[in-house]
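Asker:
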Amino acid sequence: MMSTTLFKDFIFEAAHHLPHVPEGHKCGRLHGHSFMVRLEITGEVDPHTGWIMDFAELKARLNRPMTASITTI
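Everything in the sequence shown is counted per my numbering, starting at 48 for the first residue and increasing by one.
1. Rounded to whole angstroms, what is the Cα-Cα separation between T89 and M100?
2. Are the region 51–58 and the region 94–110 in contact at 8 Å, needing three or more beta carbon pairs?
3. Once the 5 residues before and after R76 are set aside, which same chain residues still bring their CB inside 7 Å of it?
4. In this structure, how does DSSP classify G97 when only helix, strand and coil are distinguished?
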């Protein structure tokens, strides 16, 4: 079997606010950031499809809304 590596870039926006900054601080308001994630997929090429995986399925999974709580370590 043949192994290969594919890359797929995803760009998304996220918004937050910082509730404990001094009053009037710009980060106390809701504001957003842009992010880019590069997904690297390495695997065996399926001899029937010629694919490692179906990108439509991958995009569908990654395009689901995400809600996360991030804490500082």
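For glycine and all other residues, C-beta sits at the position ideal for the given N, C-alpha and C. On a predicted model such as this, the values are computed, not experimentally measured, just so you know.
Answerer: According to the structure shown:
1. 10 Å
2. yes
3. H64
4. coil
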